[in-house]
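One structure is given below, encoded as structure tokens.
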Amino acid sequence: GGKIAPPTGDYLDDRPSGPHEGIDIILGTADDKWHTAPGTPVYSEDNGVVIDCTKKSGAPGGYTIWIKSDQNALAPEEDLFYIHVAPLSILSKGDHIVRGELIGYISGEYNWHLHFQIGEKHKTKSPYLFFEKIGKEDE
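The numbering of the sequence shown is this note's numbering, which starts it at 190 and goes up by one.
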């Protein structure tokens with residue numbers, strides 16, 4: 190199991206730097222309850238194509254993996270962002286990804302967690318609705 194922050198469903202919680210626009214997923218265990226051990230695997234939540242996989246200058250810790258989901262995916266044609274990740278060295282723009290595929294590892298460069306976001310900056314959608322669809326699909 191893991192933890193999701195914020196746990197209330199308010200994914201746009203305000204912070205001094207502006208709205209958070211996603212959720213932080215704490216997976217596995219590390220030295221305290223709010224950290225994920227660096228090297229913990231990160232898997233794709235949907236089918237899609239890698240649009241970008243870069244380390245943004247000035248961005249806090251790790252890489253951002255941007256996947257555009259397929260038309261017939263759980264979140265059709267949505268932008269899925271996995272942030273604070275160390276991607277697989279073989280992952281590159283244009284690669285087709287399937288749900289459940291290993292795409293990288295927690296980088297350990299920043300707060301040791303996975304930030305997951307759906308939609309472009311300032312146009313995000315609630316990741317909680319996406320996880321509800323996953324739950325129904327897995328039943």
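Glycine included, every Cβ here is placed at the ideal spot set by N, Cα and C.
| Asked | Found |
| --- | --- |
| How would you call H285, buried or exposed, if buried means at least 16 neighbouring beta carbons within 10 angstroms? | exposed |
| Using 8 Å for Cβ pairs, my map puts I169 next to P227. What's the rounded Cβ distance? | Coverage of the chain is limited to positions 190 through 328, which leaves residue 169 absent and any answer about it impossible. |
| Going by beta carbon distance, what residues of the same chain come within less than 7 Å of A275, once the five residues before and after it are set aside? | G251, Y252, G293, Y294 and S296 |
| So, for R288: in the same chain, excluding its five sequence neighbours on each side, which residues have a beta-carbon less than 7 Å away from its beta-carbon? | S233, E234, D235 and N236 |
| Could you check whether V231 and Y271 sit closer than 7 Å to each other, using their CB atoms as the reference points? | yes |
| Going by CA-CA distance only, name the one from I254, I214 and I215 that's closest to S281. | I254 |
| Since Q260 sits in a beta bridge, which residues does DSSP pair it with? | Answer is none; Q260 lacks a bridge partner. |
| Can you grab the Cα-Cα spacing for the pair L269 / F319, in whole Å? | 11 Å |
| From which residue to which residue does the beta strand (DSSP E) around G237 run? | G237 to T243 |
| Could you pull the start and end residues of the beta strand (DSSP E) that P230 belongs to? | P230 to Y232 |
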